[in-house]
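**Q**
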Amino acid sequence: MSDNLGEQLEPAIIVIFGITGDLAQRYLLPSLYHLFNDHLLHESTQILGVTRSDTTKEQLFEKVDLLVNETDKTGNPESIEAMRSKTTMFQMDVDKSEDYDRLLQKLNEIEATQGVCMNRLYYLSIPPQAYRPIVKLLGEHGLNKSCEHGNAATRLLVEKPFGYDLPSAEELISETSNNFSEEQIFRIDHYMAKETVQNILTFRFQNPIFEALWDREHVTSINISARQEIGIEGRAKFYEPLGALRDFIQSHLLQIMGIILMDKPEVLDSEHIHAAKLAALQTVEPIPADQVTDRVIRGQYRGYREEVDNDNSVTETYAQITVYSNSVRWQGVPITIMTGKALNDRRTEVKVSFHGSEENGEGNDLRFRIQPNEGIELDLITKKPGYKSEVRTTSMNFSYRNDFANPEHPNAYERVLVDAVRGDHTLFATSQEVLATWHIVQPILDDWAKGADDLLFYDQGTEGPKT
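Counting from 1, position 66 in the sequence shown corresponds to residue 69 in my numbering; the numbering is continuous, with no gaps.
#1: Could you check whether threonine 320 and alanine 345 sit closer than 9 angstroms to each other, using their CB atoms as the reference points?
#2: Can you list, in chain order, the residues of its chain with a C-beta nearer than 7 angstroms to that of isoleucine 447? Leave out the 5 residues immediately preceding and following it.
#3: Within the same chain, show all residues whose beta-carbon is closer than 8 angstroms to that of histidine 45, passing over the 5 residues directly before and after it, in chain order.
#4: Could you pull the DSSP bridge partners for serine 328 from this structure?
#5: Report all residues from its chain with a CB closer than 8 angstroms to the CB of lysine 148; omit the five preceding and five following residues, and keep chain order.
#6: Run through the stretch 195 to 263 for me and flag every whole alpha helix (DSSP H) of 4 or more residues, listed as ranges in chain order.
#7: When the Cβ atoms of the stretch 90 to 110 are set against those of the stretch 384 to 393, are three or more pairs found closer than 8 angstroms?
#8: Is DSSP giving serine 82 helix, strand or coil here?
#9: For arginine 123, collect the residues of the same chain with a Cβ closer than 6 angstroms to its Cβ; drop the 5 residues on either side in sequence, then sort them by chain order.
#10: Run through the stretch 118 to 163 for me and flag every whole alpha helix (DSSP H) of 4 or more residues, listed as ranges in chain order.
#11: Are there three or more Cβ pairs, one per stretch, closer than 8 angstroms when the stretch 161 to 171 is compared with the stretch 124 to 142?
#12: Smallest Cα separation from glycine 237: which of Glu310, Asp297, Glu274 and Thr223?
#13: Look up methionine 4 in the DSSP assignment and say whether it is helix, strand or coil.
#14: Whole beta strand (DSSP E) runs in the stretch 355 to 391 with 3 or more residues, listed along the chain?
#15: Leaving out five residues on either side along the sequence, give the residues of the same chain with a beta carbon under 7 angstroms from the beta carbon of tyrosine 416.
#16: Please confirm whether arginine 219 and phenylalanine 213 have their CB atoms less than 9 angstroms apart.
#17: Could you spell out the range, first to last residue, of the beta strand (DSSP E) harbouring isoleucine 338?
#18: Considering only residues of the same chain and omitting the five flanking positions on each side of lysine 469, which have a CB-CB separation below 8 angstroms?
#19: If you draw a straight line from the alpha carbon of arginine 105 to that of glutamate 112, how long is it in whole angstroms?
#20: The beta strand (DSSP E) spanning threonine 396 covers which residue range?
#21: Taking only the alpha-carbon atoms, compute the straight-line gap between glutamate 114 and glutamate 65 and give it to the nearest angstrom.
#22: Classify tyrosine 304: buried if its beta carbon has 16 or more other beta carbons within 10 angstroms, exposed otherwise.
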């Protein structure tokens with residue numbers, strides 16, 4: 004990754020709220036170690052871990068496996084020590100106003116010690132319901148401003164979900180904007196930071212042969228799916244209020260849909276990409292109430308209710324929706340989006356199906372494999388060897404694993420952290436994009452709130468509910 008960055012990152016203080024939590028320990032800290040090991044972070048960069056408990060730095064690093072992202076599972080002692088030396092724990096009660104004055108004082112002390120003005124990144128690695136008071140108090144105590152020693156940026160990084168429904172998303176965005184500008188807010192969607200998702204843009208706009216076919220005249224359907232073999236894995240408290248529609252379709256897959264549907268921007272930069280993606284999302288029509296039953300499937304795997312200790316739970320672990328765009332480019336093309344847990348395989352992909360020929364009716368499928376075995380695959384109709392004119396489907400297959408001498412690329416959280424430090428918004432959802440995706444799913448949520456007669460049950464390890 005260091006060969007591709009092409010610039011020196013500015014010095015930063017990365018303030019992690021909830022540093023002892025699962026997200027920080029499983030993803031953020033291992034990703035930060037990798038960045039330290041690749042010498043991508045400025046030498047003055049510091050990590051400040053905010054926690055309610057009196058956890059020490061030694062106790063934190065005893066619990067964390069920093070090497071989960073390393074291919075050989077071995078680490079560089081010098082890089083581990085560098086990261087430890089630049090990490091400081093800060094105990095505070097995030098509900099107490101006076102503790103934010105102490106936090107500001109601590110940040111100023113760090114900058115004074117380093118002798119340099121530093122970007123300040125507040126990473127809220129905490130449950131979404133805890134966001135609001137923290138964001139409000141950060142703003143009230145001047146922590147939304149740059150350092151006192153010069154000019155630098157202050158940025159707020161928040162994890163999904165961004166709201167629980169459309170009204171709560173609107174309220175959350177309004178409250179956040181009272182304390183941080185849109186330019187300061189980085190709404191994290193780690194799926195958008197995956198290499199193959201980014202490659203969709205390159206594939207589309209750098210290969211004119213496909214962009215010329217990217218419309219309703221040539222495409223019969225679009226399918227976006229995220230299949231998981233695992234269940235909720237003890238995350239009942241998180242998952243039960245959300246369900247598959249909010250957790251994956253609204254948060255991740257609709258953003259990917261925006262990339263598939265968007266027109267080519269005038270300039271391939273963050274501002275124009277977001278504008279084109281938003282325009283595409285806004286063309287997708289919400290499903291009318293009288294069509295929800297026909298165009299939406301919700302299911303729950305057997306055994307889920309026991310896991311969440313709720314015999315009456317109607318939370319869906321499987322969701323599939325079919326929507327349409329009213330744009331001239333895509334009008335009439337069905338876009339099916341599905342996700343499910345405890346299924347028979349693990350696979351996230353986008354499939355674009357093209358019209359078949361008049362001779363045999365078979366079309367071509369283009370697949371973007373997001374995980375596993377990341378790559379791009381195109382099914383072609385070819386003639387079988389021999390005297391007869393028999394045909395078969397053959398795949399042209401691009402694979403990161405097979406086609407690059409060094410297939411390693413930054414994981415999603417490494418990319419998120421690097422882009423946040425350098426202020427690149429391309430991979431982060433804007434407030435308007437978030438609202439656009441909620442507009443699409445809100446009628447479904449409203450219909451589901453009326454009852455759960457349409458909830459289907461399926462066995463774990465299967466394709467999902469039978470319809």
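For every residue, glycine included, the Cβ atom is placed at its ideal position computed from N, Cα and C.
**A** With the given structure in hand:
#1: Translated into positions along the sequence shown, residue 345 becomes position 342. Translated into positions along the sequence shown, residue 320 becomes position 317. Result yes, Cβ atoms of alanine 345 and threonine 320 sit closer than 9 angstroms.
#2: If you number the sequence shown from 1, residue 447 lands on position 444. Correct list, in chain order: Leu248, Ile290, Val295, Val299 and Ile324.
#3: To locate residue 45, count along the sequence shown from 1; it is residue 42. Excluding positions up to five away in sequence, the list reads Gln11, Leu12, Glu13, Pro14 and Ala15.
#4: Within the sequence shown, the letter at position 325 stands for residue 328. Val287, per the DSSP bridge assignment.
#5: Translated into positions along the sequence shown, residue 148 becomes position 145. If we look at lysine 148 and ignore the five residues flanking it on each side, its Cβ neighbours are Thr157.
#6: 198 to 209, 211 to 214 and 239 to 242
#7: no
#8: By one-based count along the sequence shown, residue 82 stands at place 79. Reduced to three states, the DSSP call for serine 82 is helix.
#9: By 1-based counting over the sequence shown, the position of residue 123 is 120. Answer for arginine 123: Ile16 and Thr157, listed in chain order.
#10: 134 to 143
#11: yes
#12: Residue numbering aside, residue 237 sits at position 234 when the sequence shown is read from its first letter. Of Glu310, Asp297, Glu274 and Thr223, the residue nearest in Cα terms is Glu310.
#13: By one-based count along the sequence shown, residue 4 stands at place 1. Low confidence applies here, because methionine 4 scores a pLDDT of 39, under 50, leaving its location unreliable; read the following figure in that light. Of the three classes helix, strand and coil, the one that applies to methionine 4 here is coil, per DSSP.
#14: 368 to 374 and 378 to 386
#15: Start at 1 with the first residue of the sequence shown, and residue 416 comes out as number 413. The answer, listed in chain order, is Tyr30, Leu31, Ser34 and His193.
#16: Mapped onto the sequence shown, residue 219 falls at position 216. Mapped onto the sequence shown, residue 213 falls at position 210. Result no, Cβ atoms of arginine 219 and phenylalanine 213 do not sit closer than 9 angstroms.
#17: As a working mapping, residue 338 is identified with position 335 in the sequence shown. Taken as a continuous stretch (DSSP letters only), the beta strand (DSSP E) holding isoleucine 338 covers 338 to 343.
#18: One-based indexing of the sequence shown puts residue 469 at position 466. Leu459 and Tyr461, listed in sequence order.
#19: Residue numbering aside, residue 105 sits at position 102 when the sequence shown is read from its first letter. Residue numbering aside, residue 112 sits at position 109 when the sequence shown is read from its first letter. Roughly 10 angstroms between the two C-alpha positions.
#20: Stepping through the sequence shown from its first residue, residue 396 is reached at position 393. 394 to 402 is the span of the beta strand (DSSP E), which, as asked, contains threonine 396.
#21: Position 111 of the sequence shown, counted from the start, is the residue given in the question as residue 114. Position 62 of the sequence shown, counted from the start, is the residue given in the question as residue 65. Distance between the alpha carbons of glutamate 114 and glutamate 65: 27 angstroms.
#22: Taking the sequence shown and counting its residues from 1, one reaches residue 304 at position 301. When all chains shown are included, tyrosine 304 counts as buried.
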